[in-house]
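If you read the sequence shown in our numbering, its first letter stands for residue 12, the second for the next number, and so on.
To start, the structure under review is shown below, and the notes come after it.
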Amino acid sequence: MQNAIIAYREENHDQLVDIWHRAVRRTHTFLEEEDIQFYHHIVRNGALREVEIWMAWNESQGPTGFIGLDGPKIEMLFVDPELHGQGIGSRLIQHAGKIKGTHLKVDVNEQNEKAHAFYKHLGFVQTGRSELDGSGRAFPLLHMEWNQ
Numbered sequence: 012m013q014n015a016i017i018a019y020r021e022e023n024h025d026q027l028v029d030i031w032h033r034a035v036r037r038t039h040t041f042l043e044e045e046d047i048q049f050y051h052h053i054v055r056n057g058a059l060r061e062v063e064i065w066m067a068w069n070e071s072q073g074p075t076g077f078i079g080l081d082g083p084k085i086e087m088l089f090v091d092p093e094l095h096g097q098g099i100g101s102r103l104i105q106h107a108g109k110i111k112g113t114h115l116k117v118d119v120n121e122q123n124e125k126a127h128a129f130y131k132h133l134g135f136v137q138t139g140r141s142e143l144d145g146s147g148r149a150f151p152l153l154h155m156e157w158n159q
């Protein structure tokens, strides 16, 4: 099962939290330490259980990334930062399109330029902007949609 996409398994929860934590530290350079700890608490204590999670799976490594969906909305997409650029995120989005339809939505932190460029490269277009993130914090979000 090299490079498979499989459904969330509770036994992999801590590994996914670790992927999230390492990826956020690498990509969300606009966050302060207290912000990272705030969101880490949310992810560790339930956020992964509130959405439909699919994991990128490598038989020898275990989970290499994951996508969290709420219907057609991508609530989270994180890939092991040591494996960025290897197509894992793209495969997770393709999987989401297969199971949820090709009208996906995502909110991206405006300050996360690499994530914005990643979604744009895959064909997502910006449809709006919010001053606050979903937790009411002053991290503007770009609303994007994918119509394939």
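All residues carry an ideal CB built from backbone N, CA and C; glycine is no exception.
> Can you round the beta-carbon distance between Ile64 and Gly79 to whole angstroms, since I take them to be within the 8 Å contact cut?
Replying inline: The pair is a contact, with the Cβ atoms about 5 Å apart (cut-off 8 Å).
>> On the CB-based measure, 16 or more other CB atoms within 10 Å of its CB, does Glu86 come out buried or exposed?
In response: With 16 or more other Cβ atoms within 10 Å, it is buried.
> If we call anything under 8 Å between Cβ atoms a contact, is Ile16 one with Ala58?
Replying inline: Not a contact, by the Cβ cut-off of 8 Å.
>> Taking only three categories from DSSP, how would you classify Thr38?
In response: Judged by DSSP in its simplified three-state form, Thr38 adopts helix.
> What did DSSP end up calling His132 once you bin it into helix, strand or coil?
Replying inline: Under the three-state reduction of DSSP output, His132 falls in the helix class.
> So, helix, strand or coil for Arg200, using DSSP?
Replying inline: Residue 200 lies beyond the range of the chain shown here (12 to 159); nothing can be said about it.
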